[in-house]
Amino acid sequence: MSAGYAVNQTSDRPASLQELSAAPVAVVASVLFVFALSPIILCGNFLILSAVYRFKRLRTPSNYLVCSLATSDFGVGLFLPAGMYVELTESGSCLVAYCAAITLCSASVIVMAAIAVDRFTSLSQPLRYNDLITHTSMQRYLIGFWVYSIAVGFCPMVYIHSLSRSINRECFFPSLVDKSVQLFLFCTIYGPCCAILVLCYAYIYILARYHARAIYTVEISIRQGGSEHITVSRYGQTLAITVGCFVCLWTPFQSCMLVDIFNGTKLLGNWMSIYLSLPIFASSAINPWIYGYRNSEIRASVQRVIDDIFGKLGIPMQGCPDGCRHHGEQAELNSLVSNVRLCASSPNRVTTLLLTPHGNGHLEKNSSLLTVPEGDFEFVVNTQQLLETTTCNDD
621 MSAGYAVNQT
631 SDRPASLQEL
641 SAAPVAVVAS
651 VLFVFALSPI
661 ILCGNFLILS
671 AVYRFKRLRT
681 PSNYLVCSLA
691 TSDFGVGLFL
701 PAGMYVELTE
711 SGSCLVAYCA
721 AITLCSASVI
731 VMAAIAVDRF
741 TSLSQPLRYN
751 DLITHTSMQR
761 YLIGFWVYSI
771 AVGFCPMVYI
781 HSLSRSINRE
791 CFFPSLVDKS
801 VQLFLFCTIY
811 GPCCAILVLC
821 YAYIYILARY
831 HARAIYTVEI
841 SIRQGGSEHI
851 TVSRYGQTLA
861 ITVGCFVCLW
871 TPFQSCMLVD
881 IFNGTKLLGN
891 WMSIYLSLPI
901 FASSAINPWI
911 YGYRNSEIRA
921 SVQRVIDDIF
931 GKLGIPMQGC
941 PDGCRHHGEQ
951 AELNSLVSNV
961 RLCASSPNRV
971 TTLLLTPHGN
981 GHLEKNSSLL
991 TVPEGDFEFV
1001 VNTQQLLETT
1011 TCNDD
């Protein structure tokens, strides 16, 4: 083992086993949680990757971001059992395991911020969106994201290699990663990405509320209606889920890390760093639902993949009620970026989608948008469809 980052034991028993003896219930519960969370992460993200791989229609620049997020989260699911084993045994490879975890989590955070920027761009530059976000440019962005994540993720190893002497370190985050490196990680990954994500979705909410009120005003001029409060509330709830999950799952660990850096405390001491990192890993299980399955295109394609898997296993699948399940090739194109591209290339196609009647003979609820002048019509449609991307309307 290289002397630059050797992990020397300071006692006969690893610190993790000492902690296990002191608080067996908490440690065992954390281990069981990790081994239960790993298959959930793997299955959820595998379905998204399989759907994008199988259906070429899903291979859009915006879905490349979702696919990249699923890839990083899938890697987290693979890493968790091995990382927990390394944590318990305190083997010499624990620094490599931490660097791999930082890399995967960094890629996940960066891509979530990129998704927010993608949605922001589709609203702020709807006419130029097709020129700004192309297949080639998105592929370059993703390569840059992953290269940057790897470079930042392995900074702790580079830092320890730069030291000329062996250091006695326990296999825990605060012991292996120096405080200066922790501050560097915060300033290069979480801090900027969190600010970008919150600001982008705040702009989207303000714009969505403005257009919801404009639509409500038009509806009032035609008939009595009271849907403004419901519409704005639904938009607020959807954005609150997206932003709230990110902030609630990632902020506790980052906040304690900053307190330790500036106040010299040890809030992340030993297994406490593991406990606070569990919500971060849990975000890898939640991300497929937030960014993938609530998009009707991806949801319908995933349903097809599940049907095929159960079909090959000889297990019959009970069909969903009408309106809940769509054919993978005929799913309604209601994702934000799909509508932006359709509006830029063929506005009539979007109008047709909005006017498709339900089985009871009524038009789509957004058919009143036809009363809005044509110049604003396409933009309003995109704003309406933005939040429906993350809302499953099965009624």
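Under our numbering, think of the first position of the sequence shown as 621, with each following residue one higher. A virtual CB, placed ideally from N, CA and C, is assigned to each residue, including glycine.
DSSP three-state call for residue 886: helix, strand or coil? Against the sequence shown, residue 886 aligns to sequence position 266. Here residue 886 sits in coil by DSSP.
May I ask you to verify whether the segment 691-702 touches the segment 661-680, counting CB pairs closer than 8 Å and requiring at least 3? yes
Option in 700, 741, 747 with minimal Cα separation from residue 724: For the purposes of this step, residue 724 is identified with residue 104 of the sequence shown, where counting begins at 1. Out of 700, 741, 747, 700 has the C-alpha closest to the C-alpha of residue 724.
Take residue 1019 as the anchor and find which of 885, 812, 860 has the nearest alpha-carbon. Summary: the structure shown does not reach residue 1019, with the chain confined to residues 621 through 1015, and so no result is reported for it.
Considering just the uninterrupted stretch of the alpha helix (DSSP H) at residue 701, what are its terminal residues? Sequence index remark: in the sequence shown, residue 701 carries index 81 (1-based). Residues 681-709.
Short of 8 Å in beta carbon distance, which residues of its chain neighbour residue 651, apart from the five on each side in sequence? Order them along the chain. Taking the first residue of the sequence shown as 1, we reach residue 651 at position 31. Excluding positions up to five away in sequence, the list reads 704, 708.
Extent of the continuous alpha helix (DSSP H) run through residue 767: Looking up residue 767 in the sequence shown gives position 147. Segment 755-773, the alpha helix (DSSP H) holding residue 767.
Under 8 Å between C-beta atoms of residue 798 and residue 810: Within the sequence shown, the letter at position 178 stands for residue 798. Within the sequence shown, the letter at position 190 stands for residue 810. Result no, Cβ atoms of residue 798 and residue 810 do not sit closer than 8 Å.
In this structure, does DSSP put residue 807 in helix, strand or coil? On the sequence shown, position 187 is the one that residue 807 refers to. In the structure shown, residue 807 sits in a helix (DSSP, three-state: H, G or I).
Cβ atoms of residue 769 and residue 726: under 8 Å apart, would you say? Working through the sequence shown from its first residue, we reach residue 726 at position 106. Working through the sequence shown from its first residue, we reach residue 769 at position 149. Cβ atoms of residue 726 and residue 769: closer than 8 Å.
Segment limits, alpha helix (DSSP H) that includes residue 932: Along the sequence shown, read from residue 1 onward, the residue named residue 932 stands at position 312. Unbroken alpha helix (DSSP H) run through residue 932: 916-932.
Rounded to the nearest angstrom, what separates residue 753 and residue 866 at their Cα positions? Against the sequence shown, residue 753 aligns to sequence position 133. Against the sequence shown, residue 866 aligns to sequence position 246. Straight-line Cα distance between these residues: approximately 24 Å.
Whole angstroms are fine: how far does the CA of residue 773 sit from the CA of residue 890? The count along the sequence shown starts at 1 and reaches residue 890 at position 270. The count along the sequence shown starts at 1 and reaches residue 773 at position 153. Rounded to whole angstroms, residue 890 to residue 773 spans 20 Å at the Cα level.
Mark residue 901 as exposed unless 16 or more other C-beta atoms lie within 10 angstroms of its C-beta, in which case mark it buried. For this step, residue 901 is matched to residue 281 along the sequence shown. Per the 10 Å Cβ criterion, buried.
Please classify residue 935: does DSSP put it in a helix, a strand, or coil? The residue given as residue 935 occupies position 315 in the sequence shown. Here residue 935 sits in coil by DSSP.
Residue 806 and residue 874 look like a contact to me (Cβ under 8 Å); what is the Cβ gap, rounded to whole Å? Translated into the one-based positions of the sequence shown, residue 806 becomes position 186. Translated into the one-based positions of the sequence shown, residue 874 becomes position 254. Yes, residue 806 and residue 874 are in contact; Cβ-Cβ is about 6 Å, under 8 Å.
Give me the residue from 718, 929, 661, 879 with the minimum Cα distance to residue 792. By one-based count along the sequence shown, residue 792 stands at place 172. Comparing Cα positions, the closest option is 718.
By how many angstroms is the C-alpha of residue 686 removed from the C-alpha of residue 677? Numbered from 1 along the sequence shown, position 57 holds the residue referred to as residue 677. Numbered from 1 along the sequence shown, position 66 holds the residue referred to as residue 686. Cα to Cα, residue 677 sits roughly 14 Å from residue 686.
What residue from 716, 691, 758, 747 has the CA that sits closest to residue 729's CA? Indexing the sequence shown from 1 puts residue 729 at position 109. Comparing Cα-Cα distances from residue 729 to each of 716, 691, 758, 747, the minimum goes to 691.
Residue 885 versus residue 644: straight-line alpha-carbon distance, rounded: Counting from 1 along the sequence shown, the entry for residue 885 is found at position 265. Counting from 1 along the sequence shown, the entry for residue 644 is found at position 24. Approximately 24 Å, taken between the alpha carbons.
Between the CA atoms of residue 777 and residue 713 - distance to the nearest angstrom: Taking the first residue of the sequence shown as position 1, residue 713 is located at position 93. Taking the first residue of the sequence shown as position 1, residue 777 is located at position 157. Cα to Cα, the separation comes out at about 11 Å.
Option in 933, 934, 920 with minimal Cα separation from residue 670: Counting from 1 along the sequence shown, the entry for residue 670 is found at position 50. With distances taken between Cα atoms, residue 670 lies closest to 920.
Would you kindly work out how many angstroms separate the C-alpha atoms of residue 908 and residue 917, rounded to a whole number? The residue given as residue 908 occupies position 288 in the sequence shown. The residue given as residue 917 occupies position 297 in the sequence shown. Rounded to whole angstroms, residue 908 to residue 917 spans 13 Å at the Cα level.
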